[in-house]
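Student: Residue numbers (our numbering), protein chains in the order written: chain A, 1 to 108; chain B, 1001 to 1870. Below you will find the structure I want to go over with you.
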Amino acid sequence: MKKTKLGEFEELVLMTVVVLQADAYGVEIKRELEDRLNETLSVGSIQSALKRMEEKGFLTSEFGEASQKRGGKRKRIYQATPHAHKVLQDMKDVRSQLWAAMPNIVTG
Amino acid sequence: MQNRQNDIRPPQWSLLLLRLFVREHFLEEIEGDMEEVFMDDLDQYSIKKAKWKYVLGVFKLMRPSLTRLLSGSQKLNYLGMIQHNLLITLRGFKRHKTSFFINLIGLSTGLAASLLIFLWVNDERSVDTFHEKNDQLYWVFANFQLPNSITTWNYTSGLMGKSMKQDFPEVEEAVTIGNTGFFKPKGIVSNGESNFELDGLFASKNFFDILTYPLLIGNQENILEDNESIVLSESMAMAMFGNLESALGATVEWENQFFNKTFIISGIFQSPPKNATNQFDAVINYDLLVQTDQWAAEWNGGYAQNFLVLRKGTDIEEFNAKIENYMDDKINNDRFTLFVQPYAKNYLYGEYDNGVQVGGRIENVRLFTIIAIFILLIACINFMNLSTAQASKKMKEVGVKKAIGANKGSLIFQFLVESILLASLAVIVAIILVNVLLPQFNEITSKELEINIIDFILPLIGITLITGFLAGSYPAFYLSGFKPVAVLKGKISNLRGEEWIRKGLVITQFVLSIVFIIGVITINRQIEFTQSKDLGYNRENIVTFARKGQINENAQVMLAELQKIPGIESIANMAGDFLWGEDSGSGYSWDPSSKDDDNHLFKSPKIGYNIIETLGIEVIEGRSFSKEFMDDKTKVIINESAVKLMGIKEPIGTILDYGSGGTREIIGVVKDFQYGSMHQQIEPLLFRFREEGRNFVVKIQTGTEAATLQQIEDIYTQFHPKYDFNPTYLQDDYKALYSTESKVAILANYMAIIAILVSCLGLFGLAAFTAERRSKEIGIRKILGASHLVIMKILTGSFTKTVLISVLFALPLGYILANNWLNNFAYTIQLEWWIFALAGLTALLIAWITVSFQTFKAALVNPVECLRNE
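Below you can see the structure in the form of structure tokens.
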């Protein structure tokens, strides 16, 4: 797990990218996450997580269409790489195994 | 709604900021994201809040993964680059030792000189600023209208402070002290056996509440409550009692010109700091001055200096307009115009001409600031010049670096590193130099300056960076601009331009140096002139001393005793100080038919018998004061200027009207002589007669000085057992009148020498470089039969032209500056042509000597040596 070097916040962003599919670009990811986490995030935090993961090979990206609302600037649509899918799966496995091994007391 | 939104743009400056630091590669999407968020926010919040959130968002974008790197997108090995640059720089220093040392010596000397001046200027500017309420503290001044002019007084009535506090809401507090010019008690305090000479101050009760002279012992509330209380300075209390504790509550006896009285020490204050103009050892209640002289508490009379603490935010111009005519209601006289001036400002801006502020010490501060900048400039020019000159040597390095991909920025960086490193070395050397020279510097300036590196660390870093940048900028930008191909092929593109710039720099340098030389000659000549000018009286072997203590002691008894001493050729007494031109009075009129011409101001010293004779002042009409005629206060003697002013044909016997003071009869006319210092013109003067003057003027027989002075001292101590006898020679006192100018002169001399030395260093380096660059030409010329002389002529020629051009520029500039300075004096030397010729020739000579070393060396070289490597 250590080898994957995927932080908690990065993991959340990565999963959002997967969930959003063709809509996975900066602000949309931010909105989705803000809804789910119920807290405010900055453009900077999302963007820097995206760039870091792209550098590490979890994401690829290409320009999408421009829109009036964006002052004519194109969106960059992100897509998770197979490697990312595998890492996410690994993490889920590790977690569910751990959950399974947990005594009942904790869940209350 | 949609339309409105489209018109609203995010704050432009933060958009620009964003574009500046976000990586180009990411810019489009991030900008888009930001815009989208902004639009969403506009729907939700007010425009203001949306904009605010946008700005905040931009700052949150400053993350390492999003921001661009300083040099493109690749990561460079910065440490390695700096290491590499440092290594190259150090190797460069080693390889070009001569220019390295020339640069180092030049820069560090220049820096040391400027640092010293900076310390001095800093100290001058700090004078009197130590009071906590400094920014609210103002001094009440008065302009007094005379028939033809206005004089400005820093003293006003003793009632002024209190009264102003009542009448003007702007005045928060007011302090009144006895006029430090005339009403400063000086005398001997005794504590049992031991006597100490004490300089005191009359002050209102709230003195220590408002001015920052911290109390060490004593209760601020009632420290000056009664007339028996005295507050001593720490140093005086220590001297008298050895410790502070036993001083409190002790009694001392103080005898001075105002009273002889016993005081109880009610407190001790920290001695005034060095940078305070007002130095005193003791403070007593102002009421004591009133006790001795009732005028001290009247609206008539200038017995006090009044300081106001004005409320914060007071408009000073408005306040000055309000108080302008304040005196008119107080006395039956509308000649006073009051105004306030920041307290601390008076030290630097203390001179008034006809009621208008005209400068003061600030002029010397400015003068030396300019000198410091010039010296630093000359030193920087040297550096620029030498580095530019060496460009050809570095060209290959630049070419190779560029060919393998160094960009302009990194080359500029390298050259700047080089010059900043050199500047840092120079600063270190300069600090050492300053530390070594500071004691001498303090002696010249009579200051007690210290250099505290920690206080100066930031300015020093600033100076290092600025000097380094200034000195290195031209070579850096110039060298980095070379085209690699041209350089490697050996084609130097703009050598012509380089030559011009180098010459321009040398010219600037020499213009400054020549101006310095002119200035120094002028200053020294003027000082010499003031010392040697015939003043109309005799200064040789004249000794003066003053009686101290109670003012009512009769001078005549002591005078009679002194007259018995055989070594005294002549002796006299007077009130006021001869050299300071003390005592003037107005209120004289001589033409009863005209109302306009009353109240003329005369210099009017009060003299006893024999002064005119002792000083050798020439009586041209009538007679001098004499015992045989039983002269009294009603007789006066005037000088030629006064005769001219009055326009009277037969002065002797003319009766002057002196208002309520009665009449005065003119009994003699003396030839004009310089009363006071030479800053002032010879003014109309009127000798009044007084027998009880406390200042003695003695002409001693040549050869008997020591014995006679001893005899005078014996008599002096009989009359004043408590006081030290300290006579001074009039000649020395006269010199002291010009101490400010002398200090300026000495400082200017040193600075000029430094400026010239640094210039010469530069020239020396440049000559060495030229000789080296033209070594092949010299070799060929020699082979073809040129003599040493011809070669020296060729090499010296271009420098001569440069210096001659500098002379052309420098002469008018020097003339203007010297003339400006001389305008401070009423009597000055003429700026003769030879001063300028001398300055020009000196510069030329110095340049030749400097250059000839190098050219001579070059001319002597065996041509085989310089032609062999080809």
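Glycine residues also receive a C-beta, built at the ideal position from the N, C-alpha and C atoms.
Please classify E1870 (chain B) as buried or exposed, where buried requires at least 16 neighbouring CB atoms within 10 angstroms.
Tutor: Numbered from 1 along the second sequence, position 870 holds the residue referred to as residue 1870 (chain B). Confidence in E1870 (chain B) is poor, its pLDDT being 47 and thus under 50, which makes the residue's placement too unreliable to answer from.
Student: Quick test of your reading: A66 (chain A) and K73 (chain A), contact by CB under 8 angstroms. State the CB separation rounded to the nearest angstrom.
Tutor: As a working note, residue 66 (chain A) is residue 66 in the first sequence. As a working note, residue 73 (chain A) is residue 73 in the first sequence. About 6 angstroms separates the two Cβ atoms, so the contact holds.
Student: Within a Cβ cutoff of 8 angstroms, which residues of the same chain sit near L1709 (chain B), ignoring the five residues on either side of it in sequence?
Tutor: Working through the second sequence from its first residue, we reach residue 1709 (chain B) at position 709. So the list reads V1543, I1700, P1727, once near-sequence residues are dropped.
Student: Can you pull the chain A residues whose beta carbon is under 7 angstroms from the beta carbon of R1063 (chain B), in chain order?
Tutor: In the second sequence, counting from the first residue as 1, residue 1063 (chain B) sits at position 63. Correct list: G44, S48.
Student: Under the rule that 16 or more other beta-carbon atoms within 10 Å means buried, what is E1132 (chain B), buried or exposed?
Tutor: Residue 1132 (chain B) sits at position 132 when you count from the first residue of the second sequence. Exposed is the call here.
Student: Which residues mark the beginning and the end of the alpha helix (DSSP H) in which M1574 (chain B) is found?
Tutor: Taking the first residue of the second sequence as position 1, residue 1574 (chain B) is located at position 574. Unbroken run through M1574 (chain B) is the beta strand (DSSP E), 1568–1575; no alpha helix (DSSP H).
Student: Over what stretch of residues does the alpha helix (DSSP H) that includes A1430 (chain B) continue unbroken?
Tutor: Counting from 1 along the second sequence, the entry for residue 1430 (chain B) is found at position 430. Looking at the DSSP string, the run of the alpha helix (DSSP H) that includes A1430 (chain B) is 1408–1445.
Student: With a threshold of 8 angstroms between beta carbons, is K69 (chain A) in contact with chain B?
Tutor: Along the first sequence, one-based indexing puts residue 69 (chain A) at 69. True, the Cβ-Cβ gap to chain B drops below 8 angstroms.
Student: Would you mind reading off the limits of the alpha helix (DSSP H) that contains S1775 (chain B)?
Tutor: Translated into positions along the second sequence, residue 1775 (chain B) becomes position 775. Looking at the DSSP string, the run of the alpha helix (DSSP H) that includes S1775 (chain B) is 1775–1783.
Student: Kindly indicate if chain B contains any beta-carbon less than 8 angstroms away from that of K56 (chain A).
Tutor: Along the first sequence, read from residue 1 onward, the residue named residue 56 (chain A) stands at position 56. No, K56 (chain A) lies away from the interface with chain B (no Cβ there is under 8 angstroms from its Cβ).
Student: Out of B:F1825, B:L1817, B:S1775, B:L1841, state which residue places its alpha-carbon closest to the alpha-carbon of I1805 (chain B).
Tutor: Counted from its first residue, the second sequence places residue 1805 (chain B) at position 805. Considering only alpha carbons, the answer is B:L1841.
Student: For K75 (chain A), would you say it is in contact with chain B, using Cβ-to-Cβ distances shorter than 8 angstroms as the test?
Tutor: Here residue 75 (chain A) is taken as the residue at index 75 of the first sequence, counted from 1. Yes - at least one Cβ of chain B is within 8 angstroms of the one on K75 (chain A).
Student: From A1837 (chain B) to N1819 (chain B), what distance separates their C-alpha atoms?
Tutor: Within the second sequence, numbered from 1, the residue matching residue 1837 (chain B) stands at position 837. Within the second sequence, numbered from 1, the residue matching residue 1819 (chain B) stands at position 819. Straight-line Cα distance between these residues: approximately 16 angstroms.
Student: Give a yes or no on whether 8 angstroms exceeds the smallest Cβ distance from G1024 (chain B) to chain A.
Tutor: Locating residue 1024 (chain B) in the second sequence gives position 24, counting from the first residue. The question names Gly, but residue 1024 (chain B) is Glu in the sequence shown. Chain A contact via Cβ: absent.
Student: Inspect the CB distances between the segment 1750–1757 of chain B and the segment 1513–1532 of chain B and report whether three or more fall short of 8 angstroms.
Tutor: Yes: at least three Cβ pairs fall under 8 angstroms.
Student: In chain B, what lies closer than 7 angstroms to V27 (chain A) by C-beta?
Tutor: Here residue 27 (chain A) corresponds to residue number 27 of the first sequence, with the count starting at 1. Under the 7 angstroms cutoff, chain B gives D1033, E1036, V1037.
Student: Distance check for E1298 (chain B) and V1290 (chain B), CA to CA, integer angstroms please.
Tutor: By 1-based counting over the second sequence, the position of residue 1290 (chain B) is 290. By 1-based counting over the second sequence, the position of residue 1298 (chain B) is 298. Taking the straight line joining both Cα atoms gives about 9 angstroms.
Student: Give the list of continuous beta strand (DSSP E) stretches no shorter than 3 residues that lie fully inside the segment 1795–1830 of chain B.
Tutor: Runs of the beta strand (DSSP E) inside the segment 1795–1830 of chain B: none found.
Student: Go ahead and pull the three-state DSSP assignment for V1309 (chain B).
Tutor: For the purposes of this step, residue 1309 (chain B) is taken as the residue at position 309 of the second sequence. Reduced to three states, the DSSP call for V1309 (chain B) is strand.
Student: Please list, in chain order, all residues of the same chain as F1853 (chain B) whose beta carbon is under 6 angstroms from its beta carbon, the five residues on each side excluded.
Tutor: Walking along the second sequence from the start, residue 1853 (chain B) turns up at place 853. Here the set comprises nothing.
Student: What is the DSSP secondary structure of T16 (chain A), counted as helix, strand or coil?
Tutor: For the purposes of this step, residue 16 (chain A) is taken as the residue at position 16 of the first sequence. DSSP places T16 (chain A) in helix when its eight states are reduced to three.
Student: Can you confirm whether the segment 1080–1087 of chain B touches the segment 1037–1048 of chain B when touching is taken to mean that 3 or more C-beta pairs between the two stretches lie within less than 8 angstroms?
Tutor: Result no; under three Cβ-Cβ pairs closer than 8 angstroms.
Student: Helix or strand or just coil, what does DSSP make of P1727 (chain B)?
Tutor: In the second sequence, residue 1727 (chain B) corresponds to position 727, counting from 1. Of the three classes helix, strand and coil, the one that applies to P1727 (chain B) here is coil, per DSSP.
Student: Can you pull the chain B residues whose beta carbon is under 9 angstroms from the beta carbon of R52 (chain A), in chain order?
Tutor: Looking up residue 52 (chain A) in the first sequence gives position 52. Per Cβ cutoff of 9 angstroms: S1065.
Student: What ranges does the alpha helix (DSSP H) occupy inside the segment 1180–1246 of chain B, keeping only unbroken runs of at least 4 residues that lie completely in it?
Tutor: Qualifying alpha helix (DSSP H) stretches, in chain order: 1207–1210, 1234–1241.
Student: Any idea what DSSP makes of S1513 (chain B), helix, strand or coil?
Tutor: Translated into the one-based positions of the second sequence, residue 1513 (chain B) becomes position 513. Residue state, collapsed to three classes: helix.
Student: In the DSSP assignment, the beta strand (DSSP E) including V951 (chain B) goes from what residue to what residue?
Tutor: Since the first residue shown for chain B is 1001 and the last is 1870, residue 951 (chain B) is missing from the structure and cannot be characterised.
Student: Compare the C-alpha of T1251 (chain B) against each of B:T1156, B:F1269, B:V1231 and name the closest.
Tutor: Here residue 1251 (chain B) is taken as the residue at index 251 of the second sequence, counted from 1. It is B:V1231.
Student: Three or more C-beta pairs under 8 angstroms: does that hold for the segment 1381–1391 of chain B against the segment 1759–1766 of chain B?
Tutor: At 8 angstroms Cβ cutoff, the stretches touch.
Student: Can you give the beta carbon distance from F1158 (chain B) to A1282 (chain B), rounded, assuming they're within the 8 angstroms contact cut?
Tutor: The residue you call residue 1158 (chain B) lines up with position 158 of the second sequence. The residue you call residue 1282 (chain B) lines up with position 282 of the second sequence. Before going on, a small fix: residue 1158 (chain B) reads as Gly here, not Phe. Between A1282 (chain B) and G1158 (chain B) the Cβ distance is about 19 angstroms, and since that is not below 8 angstroms, they are no contact.
Student: Output, in chain order, the set of chain A residues within a Cβ distance shorter than 8 angstroms of E1124 (chain B).
Tutor: Counted from its first residue, the second sequence places residue 1124 (chain B) at position 124. Ordered by position in chain A, no residue passes the 8 angstroms Cβ test against E1124 (chain B), which lies about 52 angstroms from the chain.
Student: Tell me which residues share the same chain as G1218 (chain B) and place their Cβ nearer than 6 angstroms to its Cβ, disregarding the 5 neighbours each side in the sequence.
Tutor: Along the second sequence, one-based indexing puts residue 1218 (chain B) at 218. Correct list, in chain order: S1266, G1267.
Student: Under 8 angstroms between C-beta atoms, does I1370 (chain B) make it to chain A?
Tutor: On the second sequence, position 370 is the one that residue 1370 (chain B) refers to. Chain A contact via Cβ: absent.
Student: For D1596 (chain B), collect the residues of the same chain with a Cβ closer than 6 angstroms to its Cβ; drop the 5 residues on either side in sequence, then sort them by chain order.
Tutor: On the second sequence, position 596 is the one that residue 1596 (chain B) refers to. Note that D1596 (chain B) scores 48 on pLDDT, short of 50, meaning its location in the model is unreliable; the coordinates nonetheless yield the value given after this. So the list is empty, once near-sequence residues are dropped.
Student: State the start and end residues of the unbroken alpha helix (DSSP H) segment that holds A1858 (chain B).
Tutor: What you label residue 1858 (chain B) is simply residue 858 of the second sequence in a count that begins at 1. Run containing A1858 (chain B): 1833–1860, per the alpha helix (DSSP H) assignment.
Student: Residues of chain A with a CB under 8 angstroms from the CB of I1030 (chain B): which are they?
Tutor: Locating residue 1030 (chain B) in the second sequence gives position 30, counting from the first residue. G26, V43, Q47, listed in chain order.
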